[in-house]
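The next block holds one structure in the form of C-alpha cells; read it before the comments.
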Amino acid sequence: MRSADQSKLLEVDQSLMKKLGEFVDRHFALACILPTMVVVFGLIMVPIYLVFQESSFLDTPGQFRFVGIRHYIRIFQNVDFWRYLYHTVQYSGFSSLLSFLIGLLLALCLNQRIKFPNFFRVWVLLPWAIPPVVAAFIFKWFFNDVYGAGNDLLLKLGIIQSPVTWLASETFAMPILIGVDAWIRIPFVTIILLAGLQAIPQDLYDAGNIDGAGPFNLFWHITFPYLKGPLLVAMVVVTAFSFRFVDIMMALTGGGPGDDTMLFAVDIYKSAFLRLRFGYSAAQGVIMLAMIVVIILGYTYLLRSEVEE
Numbered sequence: 002m003r004s005a006d007q008s009k010l011l012e013v014d015q016s017l018m019k020k021l022g023e024f025v026d027r028h029f030a031l032a033c034i035l036p037t038m039v040v041v042f043g044l045i046m047v048p049i050y051l052v053f054q055e056s057s058f059l060d061t062p063g064q065f066r067f068v069g070i071r072h073y074i075r076i077f078q079n080v081d082f083w084r085y086l087y088h089t090v091q092y093s094g095f096s097s098l099l100s101f102l103i104g105l106l107l108a109l110c111l112n113q114r115i116k117f118p119n120f121f122r123v124w125v126l127l128p129w130a131i132p133p134v135v136a137a138f139i140f141k142w143f144f145n146d147v148y149g150a151g152n153d154l155l156l157k158l159g160i161i162q163s164p165v166t167w168l169a170s171e172t173f174a175m176p177i178l179i180g181v182d183a184w185i186r187i188p189f190v191t192i193i194l195l196a197g198l199q200a201i202p203q204d205l206y207d208a209g210n211i212d213g214a215g216p217f218n219l220f221w222h223i224t225f226p227y228l229k230g231p232l233l234v235a236m237v238v239v240t241a242f243s244f245r246f247v248d249i250m251m252a253l254t255g256g257g258p259g260d261d262t263m264l265f266a267v268d269i270y271k272s273a274f275l276r277l278r279f280g281y282s283a284a285q286g287v288i289m290l291a292m293i294v295v296i297i298l299g300y301t302y303l304l305r306s307e308v309e310e
C-alpha cells in the first residue's frame with residue numbers, strides 16, 4: 002500500500018515538474034525581458050506621460066491652471082519656432098548626411114585587407130570615445146580667432162591675411178557646428194556599417210567578379226542591398242540624437258551669432274530653466290518627440306521592404 006502511495010506521489014511530482022518546466026519554457030523570454038520593461042516604463046513612459054500632462058497647464062510662478070492646447074497654439078504662432086526648427090532640420094540633415102557618407106567610406110576602407118587594421122579602427126573610434134562637450138571645447142579652441150590653431154595655420158600658409166572670427170560668423174558658425182557633430186557621429190556609423198559589410202558572403206563578390214562586374218556594380222547590386230538593415234539602424238540613431246543634442250551647440254556657439262545657430266532643443270531648455278515656462282517647454286518637448294517619431298517611422302517605411310528582402 003505504501004509503495005502504491007509513493008508511486009502516485011512520484012507521478013504527481015513528475016507531473017507538476019513537467020508543467021512547471023512547460024510554464025518556464027513558455028514564459029522564460031517574458032521573464033528575461035520583464036526587468037527591462039519595468040525600467041523602460043519607469044524611466045521613459047512615465048516621464049512622457051508627465052510631459053504630456055504638464056504641457057496642458059499654465060505653471061508660471063503663482064499660477065497653475067488648465068489651458069488645454071493653448072501652449073501648442075502659441076508655439077506654432079511663434080516665428081522663432083519656425084526659425085529654430087529650420088536650423089534644427091538643417092543641422093540634423095547635413096550632419097547625418099555627412100556622417101553617413103564619410104562613415105560608409107571609412108567602413109569600405111577598413112573592410113579591405115590592410116596592414117594593422119586594429120590600429121586604424123582605434124583611431125576611427127577615437128572621436129566617439131571623447132565626450133561631446135570636450136570635443137566641442139577642443140574645436141572651440143581650434144577655431145578661436147585670437148589663439149586658435151586654425152587661424153594660425155591658415156595665416157602661415159598665406160590662405161588668409163587676418164584672423165577670422167569663425168564662430169561669430171553667420172557664414173561659418175553653422176557649418177562648423179555641423180562638422181563637429183558629424184565628427185562625433187562618424188565612428189558609430191562606421192562600426193555599424195563595417196559590421197554589415199563583414200556579414201556579406203564573399204561568394205557573392207566572387208560570382209560578380211566572374212561575371213565581369215565592376216566595382217560600382219558590385220557595390221550597387223551586392224554591398225548596398227546588404228547594408229540597408231545596418232543603414233536603417235544608423236540613420237534612426239544618428240538622426241534622433243542630432244535632433245536632441247544641445248551640449249555641442251551650447252559649448253561652441255551658445256546659439257550665436259545672434260540666434261543663427263539656435264536649435265529647437267536648446268530653446269526647449271531655455272524655456273524651462275531660464276524663462277521658467279515649464280508648461281510651454283513641455284509642449285515644445287511633445288512636439289519634438291512627435292517629429293522624431295515621424296522621422297523614425299518614415300525611415301522604417303522606406304526601408305522595410307528592402308530589409309525584409
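Residues 2 to 310 (our numbering) make up the sequence shown, in order.
Beta carbons are placed, not taken as given, at the ideal position from N, Cα and C, and that holds for glycine.
Please classify residue i as buried or exposed, where buried requires at least 16 other C-beta atoms within 10 Å of its C-beta.
i: Asn152; result: buried
i: Pro188; result: buried
i: Ser272; result: buried
i: Leu194; result: buried
i: Ile160; result: exposed
i: Met2; result: Interpretation of Met2 is limited by its pLDDT of 46, a score under 50 that renders its predicted location unreliable; no figure is taken from the coordinates.
i: Val165; result: buried
i: Phe140; result: buried
i: Ile70; result: exposed
i: Trp184; result: buried
i: Ala30; result: exposed
i: Trp167; result: buried
i: Tyr302; result: exposed
i: Asp212; result: exposed
I need the straight-line Cα distance from residue i to residue j, nearest angstrom please.
i: Pro216; j: Ala108; result: 15 Å
i: Gly209; j: Ile115; result: 22 Å
i: Leu275; j: Val147; result: 30 Å
i: Ile34; j: Cys110; result: 38 Å
i: Ala174; j: Ser100; result: 18 Å
i: Lys229; j: Val239; result: 15 Å
i: Leu105; j: Arg278; result: 42 Å
i: Leu205; j: Arg122; result: 25 Å
i: Asp261; j: Tyr87; result: 10 Å
i: Gln199; j: Asn112; result: 7 Å
i: Gly149; j: Phe143; result: 5 Å
i: Phe82; j: Met263; result: 10 Å
i: Val39; j: Leu51; result: 17 Å
i: Gly286; j: Gln78; result: 16 Å
i: Asn145; j: Ile103; result: 26 Å
Closest to residue i by C-alpha separation, out of the options, would be which residue?
i: Ile269; options: Leu106, Gly209, Arg245, Ala130; result: Arg245
i: Gln203; options: Val123, Phe140, Tyr227, Ile193; result: Tyr227
i: Gly197; options: Pro176, Asn218, Thr224; result: Thr224
i: Pro132; options: Ile177, Leu298, Val247; result: Val247
i: Gly259; options: Val41, Leu154, Ala169, Leu155; result: Ala169
i: Phe265; options: Val238, Val239, Leu277, Ile293; result: Ile293
i: Leu232; options: Leu253, Gly256, Ile192, Leu205; result: Ile192
i: Thr254; options: Tyr281, Ser93, Gln91, Pro176; result: Pro176
i: Arg75; options: Tyr281, Ala291, Pro36; result: Tyr281
i: Gly256; options: Leu178, Ser97, Gly43, Trp129; result: Leu178
i: Gly1; options: Leu156, Leu158, Pro118, Phe95; result: Given a span of 2 to 310 for the chain in the structure shown, any question on residue 1 remains unanswerable.
i: Ile288; options: Ala32, Val134, Phe53; result: Phe53
Check whether the Cβ of residue i lies closer than 9 Å to any Cβ atom in chain C.
i: Ala30; result: Protein chain content of the structure displayed is limited to a single chain, and chain C is not contained in it.
Extract the residue ranges of the alpha helix (DSSP H) inside the region 261-293, only unbroken runs of 4 or more that lie entirely within it. 265-274
Please give me, in chain order, every unbroken run of the alpha helix (DSSP H) with length at least 4 that falls completely inside the region 108-187. 118-130, 133-143, 150-158
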